[in-house]
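Those protein sequence lines, which keep their order, are chains D and S.
First residue of the first sequence? That's 19 in the working numbering, and the numbers climb one at a time after it.
First residue of the second sequence? That's 250 in the working numbering, and the numbers climb one at a time after it.
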Amino acid sequence: MEFALWYLGLAAAFGLFMAWGIGANDVANAMATSVGSKALTIKQAILVAAVFEFAGAFLAGGQVTSTIRKGIIDASQVENNPELLIFGMLAALLAAAVWLLIASSRGWPVSTTHSIIGAIVGFAVVGIGVESVHWAKIATIAASWVVSPILSGFLAFFIFMSVQKLILSTDDPLKNARKYIPFYIFAVGFILSLVTLLKGLKHIGLDLTTGQSLMVAVGSGIITMAIGIAAIKRIKFTPDEDVDFRFTNVEKIFGILMVFTACGMAFAHGSNDVANAIGPVAAIVSIVKTGVVAQKSELATWILLLGAVGIVLGLATYGWRVIRTVGRNITELTPSRGFAAELAAASTVVIASGTGIPISTTHTLVGAVLGVGIARGIGAINLRVVRNIMLSWVVTLPAGAILSILFFFLLKGIFYTGPEI
Amino acid sequence: MTGSYLSGIFGSSPVRPLQEHMEKVVSCVSELIPFTDAVLAGDEQSRSRHHQNIIAMEKEADTLKKELRLQLPSSLFMPIDRRDVLEVLTMQDLVAGGARDVAGLISGRNMRFPESMSSNYMALVQRCNDACAQAYIAIKELDELIETGFGKTERERVGGLLHELDEIEQDTDEQQVVLRHELFKLEDELHPVNVMFLYKIIDNTGGIADRAQRVGSRLQLMLAR
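Okay, structure coming up:
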């Protein structure tokens with residue numbers, strides 16, 4: 019391939035740019051609830067985000083990456099012209115990144131996931147052909163965009179109801195909070211590690227059976243719980259503060275719990291959204307390396323690393339400011355409901371990551387918040403936001419597609435050396 | 250560049266403004282106590298000062314009411330019915346209005362109370378003030394209600410507070426009966442127009458507790474949903 023090095027360089031650059039954008043903008047949505055409910059300070063949130071976004075992306079980002087890399091486009095259509103796929107993936111990356119930049123600078127509600135899927139489908143339909151898209155897979159993904167917020171809403175509803183039954187609506191909420199919250203902390207550690215382990219950590223040389231995974235997950239749940247219990251012991255309870263609002267001290271314990279769900283949220287976000295940046299990169303790299311559209315090749319670890327580093331870079335250079343802004347605007351959320359929303363959303367996203375389905379973390383979180391609201395747990399929810407999400411669907415998919423088509427023909431015009439098509 | 254629409258999902262809850270409004274209403278009603286003191290002592294200067302305070306606070310409450318009404322778009326999804334919020338608000342506002350009317354009537358007609366009725370009337374004013382304070386305590390529980398997702402324990406707690414409110418209101422009813430009876434005995438000695446207005450003042454004063462109780466009933470409706 020004549021321009022192989024060019025392709026690799028561009029892919030890495032665009033992928034890094036996209037990952038940077040995710041870190042700069044998208045991470046804020048995952049972290050802001052924790053900052054808003056004052057479970058984390060802004061500095062702690064950045065630290066948590068950096069560590070767990072990285073871990074999520076690196077450890078559990080492989081499945082969704084593989085979907086974006088080879089699950090959407092039927093590569094047999096371009097066997098004779100693998101370069102077309104390279105142009106397409108480069109164009110999709112650039113399109114999604116540019117669209118995100120435009121949209122978020124205007125404050126429009128957009129989803130990175132929707133942008134990249136729209137962009138990939140866009141170039142594939144116009145540049146290769148309608149039959150080159152795995153429409154069944156696209157249908158699954160689109161359905162999951164509807165299902166994931168609903169599922170996480172249900173989860174949040176039931177989590178909050180359980181908290182109400184076990185802790186808040188009892189005669190001694192403080193005692194029950196001390197008693198039951200460690201189990202929720204266990205759940206956070208258990209679910210996250212289980213899904214990650216089940217989907218395999220082969221790329222870091224860890225290959226466990228289901229039974230072993232289960233045991234390790236229980237172990238990591240217990241360790242998480244132990245850390246949580248130690249943290250709860252360190253809280254200073256001041257009965258004076260309960261005069262004005264009787265749940266001030268109970269909320270402090272939920273604050274500890276929310277530190278854990280915040281970690282989970284960052285992990286989940288990293289595991290699902292890193293693929294939006296590195297999925298196309300992975301596709302390009304495997305074509306360049308083998309010269310053909312390989313469907314079986316393993317995902318190179320350095321690509322995952324690229325995405326993870328990009329996200330943390332975005333967070334460090336710009337994302338922390340967005341977290342601060344968004345967090346400041348969320349004042350109505352106390353840790354007891356923030357945690358319910360985060361645990362529900364993180365679980366849903368991690369399951370999607372394990373299944374290899376790219377979903378929108380933010381939409382899932384919005385669904386979870388609505389779930390808590392339906393359980394009568396939140397003072398006021400602005401339903402216009404739900405309408406805006408619908409709008410973001412209608413606008414983002416075609417916008418990503420159109421930009422991607424433009425970039426595709428631009429790149430093809432510059433680099434294409436193959437036969438006329 | 251904010252880049253996030255997540256923060257937009259949290260609308261501003263009407264709970265705090267509702268509580269602030271009631272706080273203002275309670276301080277307006279509590280001004281009736283020094284006001285009545287001044288009336289009974291015949292201290293016109295002090296009476297007029299407290300009357301002005303009552304008018305000012307009633308106005309402030311009115312402004313708060315209008316502000317809250319404006320920030321309750323129907324696109325808000327709340328654990329309490331929007332209509333219930335507005336009705337509690339209206340009822341709270343009527344409590345302050347009641348205090349203003351009583352003070353206005355007494356000041357406007359430069360009224361005096363027969364010596365024998367003074368202490369009983371003062372007791373009625375104080376009990377009405379208790380009723381408002383109790384309604385405010387119940388309204389302050391809205392935070393805890395939402396915190397617990399309207400859990401059973403908390404609903405029962407508020408139910409208990411409202412029960413106390415009912416009892417206070419019943420006290421004021423009985424006090425009114427006694428006052429009317431006293432006034433009836435004095436009717437022949439007093440100017441008929443004064444008698445008429447004294448009945449009206451007893452009525453209006455008792456009406457304050459009545460309205461406070463209705464704030465409670467509206468709150469009860471919110472819980473029942």
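Every residue gets a Cβ at the ideal spot worked out from N, C-alpha and C, and that includes glycine.
These figures come from a predicted structure and were not determined experimentally.
Going by alpha carbons, who is nearest to residue i out of the options?
i, options, result
"VAL278(S)", "ASN443(S), ASP292(S), ALA305(S)", "ALA305(S)"
"LEU289(S)", "ASP437(S), MET366(S), GLY260(S)", "MET366(S)"
"VAL206(D)", "ASP189(D), GLY239(D), MET179(D), LYS183(D)", "GLY239(D)"
"VAL164(D)", "ALA370(D), SER304(D), VAL234(D)", "ALA370(D)"
"GLU269(D)", "GLU393(S), ASP415(S), ALA473(S)", "GLU393(S)"
"ALA387(S)", "VAL464(S), GLY347(S), GLU418(S), CYS377(S)", "VAL464(S)"
"LYS155(D)", "LYS254(D), PRO376(D), VAL413(D), ILE60(D)", "PRO376(D)"
"GLU280(S)", "ARG296(S), THR397(S), GLY291(S)", "ARG296(S)"
"ASN453(S)", "VAL344(S), LEU468(S), LEU470(S), THR397(S)", "VAL344(S)"
"PHE259(S)", "PRO328(S), GLU307(S), VAL407(S)", "PRO328(S)"
"ALA63(D)", "PHE105(D), GLY79(D), VAL45(D), LEU77(D)", "VAL45(D)"
"ARG318(S)", "ILE303(S), HIS270(S), PHE433(S), LYS434(S)", "HIS270(S)"
"SER180(D)", "ALA326(D), ALA160(D), ALA362(D)", "ALA362(D)"
Check whether chain S comes within 7 Å of residue i, counting only Cβ atoms and requiring the distance to be less than that.
i, result
"ALA63(D)", "no"
"ILE348(D)", "yes"
"ARG342(D)", "no"
"PHE425(D)", "no"
"ARG394(D)", "yes"
"ILE60(D)", "no"
"LEU449(D)", "One cannot answer for residue 449(D) here, as it falls past the ends of chain D, which runs 19 to 439."
"ASN194(D)", "no"
"ILE399(D)", "yes"
"VAL387(D)", "yes"
Quick check on residue i: does DSSP put it in helix, strand or coil?
i, result
"ASN369(S)", "helix"
"PHE259(S)", "strand"
"LEU410(S)", "helix"
"ILE91(D)", "strand"
"PHE399(S)", "coil"
"GLU20(D)", "coil"
"PHE326(S)", "strand"
"ILE60(D)", "helix"
"LEU173(D)", "helix"
"VAL151(D)", "strand"
"LEU391(S)", "helix"
"ILE375(D)", "coil"
"LEU472(S)", "helix"
"LEU224(D)", "strand"
"ILE348(D)", "coil"
"ILE399(D)", "strand"
"ALA364(D)", "helix"
"HIS270(S)", "helix"
"PRO363(S)", "coil"
Tell me, please, whether the CB atom of residue i is closer than 7 Å to any CB atom in chain D?
i, result
"GLN469(S)", "no"
"GLU336(S)", "no"
"GLY257(S)", "yes"
"SER323(S)", "no"
"MET271(S)", "no"
"SER262(S)", "yes"
"ILE282(S)", "no"
"MET250(S)", "Note that MET250(S) scores a pLDDT of 34, beneath 50, so its modelled location is shaky and nothing firm can be said."
Please report how far the alpha carbon of residue i lies from the alpha carbon of residue j, in whole angstroms.
i, j, result
"ILE451(S)", "ARG404(S)", "34 Å"
"ASN47(D)", "GLY356(D)", "13 Å"
"LYS36(D)", "ASN294(D)", "Checking the sequence shown, residue 36(D) turns out to be Met, not Lys. Their backbone Cα atoms lie some 8 Å apart in a straight line."
"THR214(D)", "ILE177(D)", "22 Å"
"VAL69(D)", "THR382(D)", "22 Å"
"GLY252(S)", "SER122(D)", "For GLY252(S), the predicted model reports a pLDDT of 44, less than 50, meaning its position is unreliable; a value from the coordinates is still stated below. Distance between the alpha carbons of GLY252(S) and SER122(D): 4 Å."
"ILE329(D)", "SER378(D)", "16 Å"
"PRO167(D)", "MET408(D)", "12 Å"
"LYS217(D)", "ASP225(D)", "10 Å"
"ASP415(S)", "ASP459(S)", "9 Å"
"LEU373(S)", "GLU413(S)", "17 Å"
"MET445(S)", "ARG361(S)", "13 Å"
"MET250(S)", "ILE120(D)", "Only weak support is given to the placement of MET250(S): the predicted model assigns it a pLDDT of 34, under 50, and the value that follows is read from those uncertain coordinates. One C-alpha to the other measures close to 10 Å."
Taking C-beta pairs closer than 7 Å, name the residues in chain B that residue i reaches, listed in chain order.
i, result
"ASP189(D)", "Absence of chain B from the displayed structure is noted, the protein chains being D and S."
By the DSSP assignment, the alpha helix (DSSP H) with residue i in it spans what residues?
i, result
"GLU293(S)", "293-319"
"VAL403(D)", "402-433"
"GLU259(D)", "Here GLU259(D) belongs to no alpha helix (DSSP H), and DSSP marks it neither H nor E."
"ALA265(D)", "Here the sequence assigns Phe to residue 265(D), which means Ala is not the residue at that position. Taken as a continuous stretch (DSSP letters only), PHE265(D) belongs to no alpha helix (DSSP H), as it is neither H nor E."
"TRP117(D)", "100-123"
"GLY239(D)", "228-252"
Would you check whether the ligand SAH has a heavy atom nearer than 6 Å to the C-beta of residue i?
i, result
"VAL442(S)", "No copy of the ligand SAH appears in this structure; indeed no ligand is present at all."
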